[in-house]
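Read the structure below first, then the notes.
There are 2 protein chains.
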Amino acid sequence: MTEAASATPVGSLSEEAVLAVILDRLGPADALVGPGDDAAVLRLADARVVVTTDTLIHGPDFRLAWSSGRDLGAKAAAVNLADVAAMGARPVALFVALAMPPETSIAFVGDLATGLREACDELAPGCRVAGGDLTSSDTLTIAVTAVGELAPGRDAVLRSGARPGDVVAICGDVGLAAAGLDILFERFRDERGAAVPVDTDALTASERAAVAGQLRPRPPISSGPAAARAGATAMMDVSDGLVRDARRLASASGVTIDLDRTTLGADSERALRGGEDHALLATFPEGTILPEGFRVIGSTREAGPDPLTVDGRAERSAGGWDPYRDWDGAAG
Amino acid sequence: MTEAASATPVGSLSEEAVLAVILDRLGPADALVGPGDDAAVLRLADARVVVTTDTLIHGPDFRLAWSSGRDLGAKAAAVNLADVAAMGARPVALFVALAMPPETSIAFVGDLATGLREACDELAPGCRVAGGDLTSSDTLTIAVTAVGELAPGRDAVLRSGARPGDVVAICGDVGLAAAGLDILFERFRDERGAAVPVDTDALTASERAAVAGQLRPRPPISSGPAAARAGATAMMDVSDGLVRDARRLASASGVTIDLDRTTLGADSERALRGGEDHALLATFPEGTILPEGFRVIGSTREAGPDPLTVDGRAERSAGGWDPYRDWDGAAG
Chain A
4 MTEAASATPV GSLSEEAVLA VILDRLGPAD ALVGPGDDAA VLRLADARVV
54 VTTDTLIHGP DFRLAWSSGR DLGAKAAAVN LADVAAMGAR PVALFVALAM
104 PPETSIAFVG DLATGLREAC DELAPGCRVA GGDLTSSDTL TIAVTAVGEL
154 APGRDAVLRS GARPGDVVAI CGDVGLAAAG LDILFERFRD ERGAAVPVDT
204 DALTASERAA VAGQLRPRPP ISSGPAAARA GATAMMDVSD GLVRDARRLA
254 SASGVTIDLD RTTLGADSER ALRGGEDHAL LATFPEGTIL PEGFRVIGST
304 REAGPDPLTV DGRAERSAGG WDPYRDWDGA AG
Chain X
4 MTEAASATPV GSLSEEAVLA VILDRLGPAD ALVGPGDDAA VLRLADARVV
54 VTTDTLIHGP DFRLAWSSGR DLGAKAAAVN LADVAAMGAR PVALFVALAM
104 PPETSIAFVG DLATGLREAC DELAPGCRVA GGDLTSSDTL TIAVTAVGEL
154 APGRDAVLRS GARPGDVVAI CGDVGLAAAG LDILFERFRD ERGAAVPVDT
204 DALTASERAA VAGQLRPRPP ISSGPAAARA GATAMMDVSD GLVRDARRLA
254 SASGVTIDLD RTTLGADSER ALRGGEDHAL LATFPEGTIL PEGFRVIGST
304 REAGPDPLTV DGRAERSAGG WDPYRDWDGA AG
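Here the protein sequences come in this chain order: A and X.
Each number in this note's numbering comes from the position in the first sequence (counting from 1) with 3 added on.
Each number in this note's numbering comes from the position in the second sequence (counting from 1) with 3 added on.
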């Protein structure tokens, strides 16, 4: 694409022309039937299919001053890949419903497709976009559905399987994305509160890592199936903060989880309350040799009066991000 | 729900409370793992899965003055079920990503879930919503992904399989939804062009049927697998008008399709150009005993200079609805 052509708004192009740019960036899917028919057909490891869907919305979920098209495509892929991995499954394909204002540039759309592909190639090799839908909307919306397969003979790892006496372990970043969001809100908004582009030169290396963790999280997708093979009794991805999500896992399993704050690093407050890293939280029978990347952060016991404690004290706060409660209505 | 409670905006409720209303209306899904974990797990007839996604957006796809929540839920289900059926597959589950303005009433959300369930129960018994995602957006958006299964040993029916000498047949309404849209645009807008509620008492029975065909289409879902069993060589659902979609099928198959206008009823113009009925267009080897509901509307031959003729004349017009080209920007 020439520079002039890349600024072309999608509203001035045919659906076929927009689709051609997207398909060119996505590359071929490993499917029996790929994009171009009424539906895709995928071959799985056996007759069970794992399916999840998660949406990014301009405003509550991202600001275009902060996120590039590539960041958004990669994040939309990553958050869905993490939900598949959290079942102990291997992601095999993504389906992307993309709704865009007519003024969106074709270059942005191409970048978004590039980001989707990059996240698949990096985090879940073999998984690609196998279908989707394009439509016009006043609000840029990226709805992704991820499809995964389970190893034959192995059940999905649910939230409800933890037993008293298990170890609680985590794999991936916790609190990094929240630190990044704080940096964005504190340092990259103008006097009216509107988002302004990130000046990476003004950031230290660790601040850059935090901002990248927010804009383009890299959850440990292959560690989901590895945890299943190692015998994980329960697993989920941490999208709403460790406190909220550990409490959910404990409640679903009918146990109490005791977390040890000293295992959560220097910024244990953010690690406990920040969401959006999509780390994998899992429980294993005591004595399990944990898969690479998992570290012990606590243990489970028979359900007490509170489903979650931190350093022995009941933890009842919310934490995490709720789009209904927390979105201030701004987009940018 | 009391009348007062039903007017409650979702923005004043927790995500859990909104979800509880939705799940109550949806009823249980026939899944190994249903809603409530990171992903759903479904058991299929064999190791192949059919997946498609299609989105309804407030503005280009519907007006709230015309469509009830039940209509929208039912339509969002129907258009996706039709894409699965058009592969010759049986729909087994829907996944619904729902993005709503905070002021949306909880009653509307409950009605939308009821419509999703009603369409599944009526059109594709055994199929239910098995998962989804709730988020906040300035634009009401219903992104549905449908999952289907193929009969073991039977391939998906593609657009590309028609051979010269096949009969071309259709099952379901063609032109009805377009007639309904014309009635809505001509008679149920105010002097400024804004949509106003439909007064069904002002309509004849056939006008009511047309409006219902637009607001709540009923594609013949079970006829998709029936066509596959009968030996359909190619199939697709007619969402963009018969002219456009027949031309796509002909081009994908490398044949020319000759349609006979006298088979298309009294309003053959609307039947040729109107979209959104989601009828099933299929080709069969000559001499096939067609499944119930299919009627012959033409035949195929070796590819000529034009992929489509009507009564022997090349048909090169567009027809159908293009959200980028045709949406006037209004919502209502």
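Ideal placement from N, C-alpha and C gives every residue a C-beta, glycine not left out.
Task: Neighbouring residues, chain A, relative to residue 161 of chain X (Cβ below 8 Å) - done: Residues of chain A passing the Cβ test: 36 and 40.
Task: Backbone CA spacing between residue 196 of chain A and residue 182 of chain A [nearest angstrom] - done: Spanning the two alpha carbons is a distance of roughly 18 Å.
TODO: Could you tell me the distance, in whole angstroms, from the CA atom of residue 168 of chain X to the CA atom of residue 285 of chain A?
DONE: Residue 168 of chain X and residue 285 of chain A: Cα-Cα distance of roughly 59 Å.
Task: Residues that residue 167 of chain A bridges to, as DSSP identifies them - done: Paired residues: none, contrary to the question.
Task: Contact belief for residue 287 of chain X with residue 177 of chain X at Cβ below 8 Å, rounded distance in angstroms - done: Rounded, the Cβ-Cβ distance is 18 Å, inconsistent with contact.
Task: Distance CB(residue 98 of chain A)-CB(residue 138 of chain A) smaller than 7 Å - done: No, Cβ-Cβ distance for residue 98 of chain A and residue 138 of chain A is not below 7 Å.
Open item on the list: Classify residue 54 of chain A: buried if its beta carbon has 16 or more other beta carbons within 10 angstroms, exposed otherwise.
Closed with: If you draw a 10 Å sphere on the C-beta of residue 54 of chain A, you find 16 or more other C-beta atoms in it, and that means buried.
- [ ] Spell out a yes or no on whether the stretch 103 to 112 of chain X and the stretch 23 to 33 of chain A are touching, meaning 3 or more CB-CB pairs, one atom from each, closer than 8 Å.
- [x] No: the two stretches stay apart, fewer than three of their Cβ pairs being nearer than 8 Å.
- [ ] Measure from the C-beta of residue 67 of chain X to each C-beta in chain A and report whether the shortest distance is under 7 Å.
- [x] No, residue 67 of chain X lies away from the interface with chain A (no Cβ there is under 7 Å from its Cβ).
Task: Inside the stretch 107 to 166 of chain X only - alpha helix (DSSP H) runs reaching at least 4 residues - done: Fully enclosed alpha helix (DSSP H) runs of 4 or longer: 109 to 126.
TODO: Assign residue 301 of chain A to one of three DSSP states: helix, strand, or coil.
DONE: It is a strand residue.
- [ ] Find the residues of chain X that neighbour residue 150 of chain A, judging by a C-beta separation of less than 7 Å, and give them in chain order.
- [x] Per Cβ cutoff of 7 Å: 52 and 54.
Open item on the list: So residue 87 of chain A contacts chain X; which residues on that side make the cut at Cβ distance below 7 Å?
Closed with: Neighbours of residue 87 of chain A in chain X, taken as residues at a C-beta separation under 7 Å, are given in chain order as 42.
TODO: If I'm right that residue 80 of chain A touches residue 123 of chain A with Cβ under 8 Å, what's the distance once you round it to whole angstroms?
DONE: Contact between residue 80 of chain A and residue 123 of chain A holds, with the beta-carbon distance rounding to 6 Å and staying under 8 Å.
Task: Closest residue to residue 42 of chain X among X/135, X/18 and X/174 (Cα-Cα distance) - done: Of the candidates X/135, X/18 and X/174, the one whose C-alpha sits nearest the C-alpha of residue 42 of chain X is X/135.
TODO: With distances taken Cα to Cα, identify the nearest neighbour of residue 243 of chain X among X/204, X/293 and X/275.
DONE: The option with the nearest alpha carbon to residue 243 of chain X is X/275.
Task: Sequence-distant residues of its chain with Cβ nearer than 8 Å to residue 312 of chain X (five each side left out) - done: For residue 312 of chain X, same chain residues with a beta-carbon under 8 Å away, outside a window of 5 residues either side, are 259, 260, 261, 262 and 318 in chain order.
Task: Neighbour-count burial assignment, residue 279 of chain A, 16 or more Cβ in a 10 Å radius - done: Its Cβ being crowded by 16 or more others within 10 Å, residue 279 of chain A is buried.
Task: Spatial distance of residue 206 of chain A from residue 66 of chain A (CA atoms) - done: Straight across, the Cα-Cα distance linking residue 206 of chain A with residue 66 of chain A is about 19 Å.
TODO: Could you tell me which chain B residues have their CB closer than 8 Å to the CB of residue 98 of chain X, listed as they occur along the chain?
DONE: Protein chains A and X are contained in the structure displayed, whereas chain B is not.
Open item on the list: Spatial neighbours of residue 129 of chain A within its chain, please: C-beta separation below 6 Å, excluding the five flanking residues on both sides.
Closed with: Excluding positions up to five away in sequence, the list is empty.
- [ ] For residue 267 of chain X, I'd like the list of residues in its chain whose CB is within less than 6 Å of its CB, leaving aside the five on either flank, ordered along the chain.
- [x] Within the same chain, residue 267 of chain X has close Cβ partners 274.
TODO: Run down chain A in chain order and give the residues with a C-beta less than 7 Å from the C-beta of residue 76 of chain X.
DONE: Result: empty, since nearest Cβ-Cβ is about 16 Å, beyond 7 Å.
- [ ] Work out the CA separation of residue 231 of chain A and residue 1 of chain X for me, nearest whole Å.
- [x] Any answer about residue 1 of chain X is impossible in this case: the structure gives chain X only from 4 up to 335.
Task: Nearest-angstrom Cα separation, counted from residue 16 of chain A out to residue 188 of chain A - done: Looking at the two C-alpha atoms, the distance is approximately 35 Å.
Open item on the list: If I follow the unbroken alpha helix (DSSP H) through residue 188 of chain X, where does it start and stop?
Closed with: Unbroken alpha helix (DSSP H) run through residue 188 of chain X: 179 to 190.
Open item on the list: Please classify residue 132 of chain X as buried or exposed, where buried requires at least 16 neighbouring CB atoms within 10 angstroms.
Closed with: Label assigned to residue 132 of chain X: buried.
Open item on the list: For residue 19 of chain X and residue 31 of chain X, what's the separation of their Cα atoms in angstroms?
Closed with: If you take the alpha carbons of residue 19 of chain X and residue 31 of chain X, they lie about 17 Å apart.
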